[in-house]
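Input: a single structure, listed below in structure tokens.
Protein chains: 2
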Amino acid sequence: MAAGTTRRRNATERASEIRDAAQQIALTRGLAAISLRALAAHCGVTAPLITHYEPSMETLVATTFSDIAEKEIAEVERFALAPNKPLDQIRALIEAIADPARDNVGEVWTDAWSLGRRNEPLAEAARQSMDSWHALAIGIIRAGQDAGQFAPVSPERAALVLFALVDATSAYQLVNFRSRETRESLVRETLEDMLDVSLGT
Amino acid sequence: MAAGTTRRRNATERASEIRDAAQQIALTRGLAAISLRALAAHCGVTAPLITHYEPSMETLVATTFSDIAEKEIAEVERFALAPNKPLDQIRALIEAIADPARDNVGEVWTDAWSLGRRNEPLAEAARQSMDSWHALAIGIIRAGQDAGQFAPVSPERAALVLFALVDATSAYQLVNFRSRETRESLVRETLEDMLDVSLGT
DNA sequence: ACTCTTATTGAACAGGTGGTAAATAATGGT
DNA sequence: ACCATTATTTACCACCTGTTCAATAAGAGT
Chain Y
1 MAAGTTRRRN ATERASEIRD AAQQIALTRG LAAISLRALA AHCGVTAPLI THYEPSMETL
61 VATTFSDIAE KEIAEVERFA LAPNKPLDQI RALIEAIADP ARDNVGEVWT DAWSLGRRNE
121 PLAEAARQSM DSWHALAIGI IRAGQDAGQF APVSPERAAL VLFALVDATS AYQLVNFRSR
181 ETRESLVRET LEDMLDVSLG T
Chain E
1 MAAGTTRRRN ATERASEIRD AAQQIALTRG LAAISLRALA AHCGVTAPLI THYEPSMETL
61 VATTFSDIAE KEIAEVERFA LAPNKPLDQI RALIEAIADP ARDNVGEVWT DAWSLGRRNE
121 PLAEAARQSM DSWHALAIGI IRAGQDAGQF APVSPERAAL VLFALVDATS AYQLVNFRSR
181 ETRESLVRET LEDMLDVSLG T
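Protein sequences appear in the order of chains Y and E. If you count the first sequence from 1, position 98 lands on 98 in full-length UniProt numbering, and the numbers rise without skipping. If you count the second sequence from 1, position 107 lands on 107 in full-length UniProt numbering, and the numbers rise without skipping.
What follows is the structure, given as structure tokens:
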């Protein structure tokens, strides 16, 4: 900071700058790396100022996770629902989820489950975003069944299995278990079997 | 510590006391709670003494995880392989895995995936124990198929799906997503569908 | 120019983290 | 009874965590 020159910013602007910083830290160093000092350094500001805007790190971690997760869901939903036919939609969904650009978000999800045990707001945020994901999948699966293109399994259970596989492989990736190709085809082929459809590579 | 009386223990005894403490801390407060101070307090000893036995917290976390995971695998394996018929074995496997007494270990697994990203020895330990689990399941599945009782799916893929569901539901539990019954039946019913068998409740 | 509001800082606190060097004292061997 | 070994402690280090209080100063309104 240049001598005596303290930049002053309006509250809402600074607040969103801090939330942006929190998201960036979470995506690059994990949810556990969100701290007053890390945020302060990232914004070029002192620690107490962060406290002024975010009195509780616990809830900031939760809202940061929620922001990241909901943003991704919205993006994937837009991409997946672009096609008209359910078969193309489920293909788009799988394609979007498998995108390596999604890796960072997957890491944040694993952090959320681990930290959620001792951070109830975070646990609540995780449950909510999980429900959002399931709702998206269930909608597509129902439509496909109504069109007679998907096997008549329980949409709820199929969605549960789908994301359980997605989430597990996402965690596996953090410790480099198996290859990306193996992890991805595990999800794809199991979904193919469940719905009795063919998803492209 | 009473005045001037410093208990002195032989090295191997103290070493295993520290490792036991690490396991206890991991199971009750998570892998991330393993620290020099926590171990020292738990053993009623000063921090540098812990360093004397465990020069690296990073590797201690990894070995602690490995100890916990391998011990559980050995126990479950003994229980699952007790019956003779593969159908009874897979039932026993599922029953053992679903045991709520296993919850703490599940939490440690989720910690391992999250922390494994920045702790390579831990990641390596996770991969190894995952392979142990898969080997156990694959053996049972192969035997069942040889006996003509299980559907002729790829044993490797079936095991991968089985544990992906187990691992995901284990993570879900940390944030109280869905009920235990829902999580458990997700695993059981999917396995029933895959192998075309009936597993008791 | 002056005042009021408030964004921001500086300085401290108590406690946590892993880690090191050297002094202390208990033990086992002779 | 003495000595050598080594388990253990004491005293540090540098750095991290969240938090509080009062001082500072930038900006908005008049």
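Ideal placement from N, C-alpha and C gives every residue a C-beta, glycine not left out.
Report task. Show which residues of chain E have a CB atom less than 7 angstroms away from the CB atom of M130 of chain Y. Result -> Position 130 of the first sequence, counting from 1, holds the residue named residue 130 of chain Y. Within chain E, the residues near M130 of chain Y are F177.
Query raised in the report: If you check the beta carbons only, do L31 of chain E and A112 of chain E fall under 8 angstroms apart?
Result: Reading the second sequence from its first residue, position 31 is the one you call residue 31 of chain E. Reading the second sequence from its first residue, position 112 is the one you call residue 112 of chain E. It is a contact, given that the beta carbons lie within the stated cut-off.
**Report entry** Contacts of T46 of chain E in chain Y (Cβ-Cβ under 8 angstroms)
**Finding:** Taking the second sequence and counting its residues from 1, one reaches residue 46 of chain E at position 46. Ordered by position in chain Y, no residue passes the 8 angstroms Cβ test against T46 of chain E, which lies about 27 angstroms from the chain.
Query raised in the report: What do you reckon, is the C-beta of L195 of chain E under 7 angstroms from a heavy atom of the ligand NAD?
Result: The ligand NAD is absent from the structure shown, which contains no ligands of any kind.
Query raised in the report: Which residues in the same chain have their Cβ closer than 6 angstroms to the Cβ of F163 of chain E, if we skip the five residues on either side of it in sequence?
Result: One-based indexing of the second sequence puts residue 163 of chain E at position 163. So the qualifying residues of the chain are W133.
**Report entry** R78 of chain Y, buried or exposed, once every other Cβ within 10 Å from all chains shown has been counted against 16
**Finding:** By 1-based counting over the first sequence, the position of residue 78 of chain Y is 78. Exposed, because fewer than 16 other Cβ atoms sit within 10 Å of the Cβ of R78 of chain Y.
Query raised in the report: At a CB-CB cut-off below 9 angstroms, which residues of chain Y make contact with E72 of chain E?
Result: As a working note, residue 72 of chain E is residue 72 in the second sequence. Within chain Y, no residue comes near E72 of chain E; the closest Cβ sits about 18 angstroms away, beyond 9 angstroms.
**Report entry** Residue nearest to E156 of chain E in terms of C-alpha spacing, selected from E:Y172, E:R178, E:L87, E:G139
**Finding:** Stepping through the second sequence from its first residue, residue 156 of chain E is reached at position 156. Comparing Cα-Cα distances from E156 of chain E to each of E:Y172, E:R178, E:L87, E:G139, the minimum goes to E:G139.
Requested in this report: For N10 of chain E, name the three-state secondary structure that DSSP assigns.
Outcome: Taking the second sequence and counting its residues from 1, the one referred to as residue 10 of chain E is at position 10. The three-state secondary structure of N10 of chain E, taken from DSSP, is coil.
Query raised in the report: What residues in its chain sit with their C-beta under 8 angstroms from that of R102 of chain Y, if we drop five residues either side in the sequence?
Result: Here residue 102 of chain Y is taken as the residue at index 102 of the first sequence, counted from 1. The residues are E72, A96.
**Report entry** Min CB distance W113 of chain Y to chain E below 8 angstroms
**Finding:** Counting from 1 along the first sequence, the entry for residue 113 of chain Y is found at position 113. Closer than 8 angstroms: yes.
Query - Nearest candidate by alpha-carbon position, reference I68 of chain Y, set Y:V105, Y:I94, Y:H52 - result: The residue labelled residue 68 of chain Y in the question sits at position 68 within the first sequence. Of the listed residues, the one whose Cα sits closest to I68 of chain Y is Y:V105.
Requested in this report: Tell me whether the beta-carbon of A98 of chain Y lies closer than 8 angstroms to the beta-carbon of E184 of chain Y.
Outcome: Taking the first sequence and counting its residues from 1, one reaches residue 98 of chain Y at position 98. Taking the first sequence and counting its residues from 1, one reaches residue 184 of chain Y at position 184. Cβ distance < 8 angstroms, so A98 of chain Y and E184 of chain Y count as in contact.
Query raised in the report: Would DSSP call R117 of chain E helix, strand or coil?
Result: As a working mapping, residue 117 of chain E is identified with position 117 in the second sequence. DSSP places R117 of chain E in coil when its eight states are reduced to three.
Requested in this report: Just the C-alpha distance for A62 of chain E and A171 of chain E, rounded to the nearest angstrom, thanks.
Outcome: Position 62 of the second sequence, counted from the start, is the residue given in the question as residue 62 of chain E. Position 171 of the second sequence, counted from the start, is the residue given in the question as residue 171 of chain E. A62 of chain E and A171 of chain E: Cα-Cα distance of roughly 19 angstroms.
Report task. Indicate whether at least one CB of chain E lies closer than 8 angstroms to the CB of E184 of chain Y. Result -> Translated into the one-based positions of the first sequence, residue 184 of chain Y becomes position 184. No, its Cβ sits nowhere closer than 8 angstroms to a Cβ of chain E.
Report task. Using a Cβ-Cβ cut-off of 8 angstroms, state whether A11 of chain E counts as contacting chain Y. Result -> The count along the second sequence starts at 1 and reaches residue 11 of chain E at position 11. So no, A11 of chain E is outside the interface.
**Report entry** the region 5-19 of chain E / the region 175-192 of chain E touching (three or more Cβ pairs under 8 angstroms)
**Finding:** no
Query - Same chain, Cβ closer than 7 angstroms to Q89 of chain Y, neighbours up to 5 away in sequence not counted - result: Counting from one through the first sequence, the residue named residue 89 of chain Y turns up at place 89. Within the same chain, Q89 of chain Y has close Cβ partners A80, L81, P83, I140.
Query raised in the report: Expressed to the nearest angstrom, what Euclidean distance is found between the alpha-carbon atoms of D131 of chain Y and R91 of chain Y?
Result: Along the first sequence, read from residue 1 onward, the residue named residue 131 of chain Y stands at position 131. Along the first sequence, read from residue 1 onward, the residue named residue 91 of chain Y stands at position 91. Rounded to whole angstroms, D131 of chain Y to R91 of chain Y spans 20 angstroms at the Cα level.
**Report entry** Per-residue DSSP class, three states only, for R19 of chain Y
**Finding:** Numbered from its first residue, the first sequence carries residue 19 of chain Y at position 19. Three-state result, R19 of chain Y: helix.
Query raised in the report: By Cβ distance below 7 angstroms, which residues in the same chain neighbour L87 of chain E in space, the five residues on each side in sequence not counted?
Result: Taking the first residue of the second sequence as 1, we reach residue 87 of chain E at position 87. Result list for L87 of chain E: G144, Q149, V197, in chain order.
Query raised in the report: If you draw a straight line from the C-alpha of G4 of chain E to the C-alpha of A40 of chain E, how long is it?
Result: Looking up residue 4 of chain E in the second sequence gives position 4. Looking up residue 40 of chain E in the second sequence gives position 40. Here G4 of chain E scores only 46 on pLDDT, less than 50, and its place in the model should not be relied on; the value that follows carries that caveat. Their Cα atoms are separated by approximately 19 angstroms.
**Report entry** Backbone secondary structure at R178 of chain Y - three-state DSSP
**Finding:** The residue you call residue 178 of chain Y lines up with position 178 of the first sequence. Three-state DSSP puts R178 of chain Y in coil, outside helix and strand.
Query raised in the report: At what residue ranges does the region 31-91 of chain E contain a whole run of the alpha helix (DSSP H), taking only runs of 4 or more?
Result: Counting whole runs of 4 or more residues, the region 31-91 of chain E contains the alpha helix (DSSP H) stretches 36-43, 47-53, 57-80.
Query - Test: G116 of chain Y CB closer than 8 angstroms to a CB of chain E - result: One-based indexing of the first sequence puts residue 116 of chain Y at position 116. Output row for G116 of chain Y: interface = yes.
Query raised in the report: So, is S114 of chain E buried or exposed, given that buried needs 16 or more other C-beta atoms within 10 angstroms?
Result: Counting from 1 along the second sequence, the entry for residue 114 of chain E is found at position 114. So S114 of chain E ends up on the buried side.
Requested in this report: Would you mind telling me which residues of chain Y sit closer than 9 angstroms to E107 of chain E, beta carbon to beta carbon, in chain order?
Outcome: For the purposes of this step, residue 107 of chain E is taken as residue 107 along the second sequence, with counting starting at 1. S114, R117, listed in chain order.
Requested in this report: Quick one: residues in its chain with C-beta nearer than 6 angstroms to the C-beta of V151 of chain Y, no 5 flanking neighbours on either side, listed in chain order?
Outcome: Looking up residue 151 of chain Y in the first sequence gives position 151. Before going further, note that residue 151 of chain Y is Ala rather than Val in the sequence given. Answer for A151 of chain Y: L195, D196, listed in chain order.
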